[in-house]
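Data first, discussion second: the structure below is written as structure tokens.
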Amino acid sequence: MHFTRSTTALTLCASALKANKEKILRMGGRFVLCALGIAMPAIAQAQVTPAKSKKDSVARADSIARADSIALVKQLEKELGAQSADTSGAAAAASQGPRATGGYMNIGFVALTDAGWSTEPDVGAIQVGDHDPHVNGFSIPNVELTLDGAVDPYFKGFSNIVYKLDKNGETGVELEEAYVLTTSLPANLQLKVGQFFAEFGRQNNQHPHAWAFVDEPLVLNRMFGPDGLRSQGLRLSWLLPTSFYTEAMLTVANATGGTASSFRSPDSPEIHGGVIDEQPVQHPSGLLLVPRINTSFDLTETQTVVLGASGAFGPNNSGPSARTQIFGVDGYWKWKPAAAQAGFPFLSLQSEAMWRSYDAAQRIAEADPTVTLPSETLKDRGAYAQVLWGIKPRIVAGLRGEFASGDPGAFQSDVRRDRTRFSPNFTWYPSEFSKFRMQYNFDDRKGIGTDHSLWFQFEFLLGAHAAHKF
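My numbering puts the first residue of the sequence shown at 19, with every later residue one more than the last.
Dropping the structure here:
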């Protein structure tokens, strides 16, 4: 009886080993199998009564069962040994360094189409942003291809390639952003390197599809030009060890190019009216510095506040030692009830104020070489405030008021003209991948008059895209 039970047990054990071979391999069952290989004969021997009292057929069955079990154990040990060698080889390869490329890449595509009408025939005179509506009728001011992904364990890569149609329907292409971010620096530090929008205020580094209104605020255009402040350089950020979110940032970048409007831009004569003074970068003082500090905290369980202060300091091209200083403060407040569904309802308020001191050197007038413009400090200022009311899921109403103004200078510049604008709008999101927006603008330009505009905007998104800024 005991002998028969041991034989049956061995047979069942062998069958179980065969049936669960892969599972055992995954679980690192080498040691278990070796132990079974050693223990099974001993168990069988302990259970065996004298062979003389058992039938020869049962003895043969026991021998066959034990032989099959031992053979299976040896086979599994052999396969585990090969698998271990493969794993060791992979570990050795990994020890030589990270893979040359990341494990994923997100691709996104977003397109904006504007349509509408204004009492100003030259729409570009009042819609001065590069991604604003261009003409009465239809405009496609921004079509964006985005790529982002892991480079290796140390960097993430991002790029934005923009396509747009100008007022004549001609296609333009630009590399808007292309940069890497570090992912493993110590002490809560992070480095950004490449071409990117400078972190000045809240909206400058937002892409048009993330705007709450159809057009760029007047004060951003006054300080940074039609396409915002962006350049090639690096940004170092430090997440401070405070009990609430606080981050300090410093950008060091080139002060040249069409996207550095208040500095060494080829379009600077629109500000100072003089012939450009070409100066190569010979010292660190020839670079653009953009410091920023940003903090956020909860007022209550349903209210959050974000506050920030920024600066931008660098040379301008009105003279060899002329410089520009821009200061800005910004704030954001949001209320959202604890019982909100899909983020609705909500109420938010956002505002930014900026000041610019532009040191214009003595210079020859671009329009008339016989005229010399005096050295002077051109001062400009402006602000906007916008409120958004998330009425119910996917329906948002907004209102924005803004102004931009400048002190008189020796050169009468159209881009420094005093302006105010009021803009109510209404946005419907059929889904997170599309939106319809309607916006009315009332514009008042000092010395010119008032204008009325009505704009419609449709947006669609394909693929992945980074989350919008809170």
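By construction, the Cβ of each residue, glycine as well, lies at the ideal position given by its N, Cα and C atoms.
- Query: From Thr318 to Val211, what distance separates their C-alpha atoms?
  - Reply: 37 Å
- Length of the line joining the Cα atoms of Tyr122 and Asn178: 17 Å
- Message: Can you give me the C-alpha to C-alpha distance between Phe362 and Trp353, rounded to a whole angstrom?
- Response: 10 Å
- Query: Buried or exposed: His301, going by 16 or more other Cβ atoms within 10 Å of its Cβ?
  - Reply: exposed
- Message: Tell me the rounded alpha-carbon separation between Arg220 and Asp132.
- Response: 24 Å
- Item | Stretch-stretch touch, CB-based, cutoff 8 Å, three pairs: the stretch 415 to 427 with the stretch 316 to 335 | no
- Query: If we call anything under 9 Å between Cβ atoms a contact, is Glu384 one with Val347?
  - Reply: no
- Query: With a Cβ-Cβ cutoff of 9 Å, do Ala475 and Leu183 count as a contact?
  - Reply: The identity of residue 475 in the sequence shown is Gln, whereas the question assumes Ala. No, Cβ-Cβ distance for Gln475 and Leu183 is not below 9 Å.
- Per-residue DSSP class, three states only, for Ser303: helix
- Task: Could you please give the first and the last residue of the uninterrupted beta strand (DSSP E) stretch that includes Ile413?
- Result: Ile413 to Gly424
- Determine which residues share a DSSP beta bridge with Arg437 and list them. Ala422 and Arg463
- Message: To the nearest angstrom, how far is the alpha carbon of Asp461 from that of Asn186?
- Response: 24 Å
- Give me the Cβ distance between Arg227 and Glu477, rounded to the nearest whole Å; I'm assuming they're in contact under 8 Å. Arg is not the amino acid found at residue 227; the sequence shown has His there. Confirmed, Cβ separation roughly 6 Å.
- Task: Decide if the stretch 287 to 304 is in contact with the stretch 249 to 265; the criterion is three or more beta carbon pairs, one per stretch, under 8 Å apart.
- Result: no
- Query: Do you know how far the Cα of Lys410 is from the Cα of Val270?
  - Reply: 43 Å
- Item | Simplified DSSP assignment, three categories, for Leu51 | At Leu51, the pLDDT of 38 sits below 50, so the modelled position is not reliable and the matter cannot be decided from this model.
- Give the secondary structure of Phe176 by DSSP, where H, G and I count as helix, E and B as strand, and everything else as coil. strand
- With Arg240 as the anchor, note down where its alpha helix (DSSP H) starts and where it stops. Leu236 to Phe242
- Message: Please classify Ala356 as buried or exposed, where buried requires at least 16 other C-beta atoms within 10 Å of its C-beta.
- Response: exposed
- Query: Is the stretch 373 to 381 close to the stretch 305 to 323, with three or more CB pairs under 8 Å?
  - Reply: no
- Where Glu288 falls: helix, strand or coil (DSSP): helix
- Report buried or exposed for Thr277, applying the criterion of at least 16 other Cβ atoms within 10 angstroms of its Cβ. buried
- Item | Counterpart residues of Ala330 in DSSP-defined beta bridges | Ile344
- Skipping 5 residues on each side, what residues in its chain have a beta carbon closer than 6 Å to that of Ala266? Trp256 and Ile311
- Task: Quickly, what does DSSP pair His470 with across the bridge? List them, please.
- Result: Phe460
- Item | Counted within 10 angstroms of its Cβ, other Cβ atoms place Gly481 as buried (16 or more) or exposed | exposed
- Under the three-state DSSP convention, the category Gly400 falls into: strand
- Do Val232 and Gln457 have their C-beta atoms closer together than 9 Å? yes
- May I have the straight-line CA-CA distance separating Trp407 from Trp351, to the nearest angstrom? 12 Å
- Query: Can you list the alpha helix (DSSP H) stretches of 4 or more residues lying completely in the stretch 336 to 389, in chain order?
  - Reply: none
- Query: What residues in its chain sit with their C-beta under 8 Å from that of Leu305, if we drop five residues either side in the sequence?
  - Reply: Gly251, Val270, Ala271, Asn272, Ala273, Val299 and Gly332
- Task: Output the boundary residues of the beta strand (DSSP E) element that contains Glu192.
- Result: Thr189 to Thr200
- Beta carbon of Gly134 nearer than 9 Å to that of Pro151: yes
- Query: When you compare only the Cα positions, how much space is there between Gly190 and Met241?
  - Reply: 24 Å
- Cβ-based neighbour list, Ser336, same chain, cut-off 6 Å, excluding 5 preceding and 5 following: His290, Gly292, Ala378, Ala379 and Arg381
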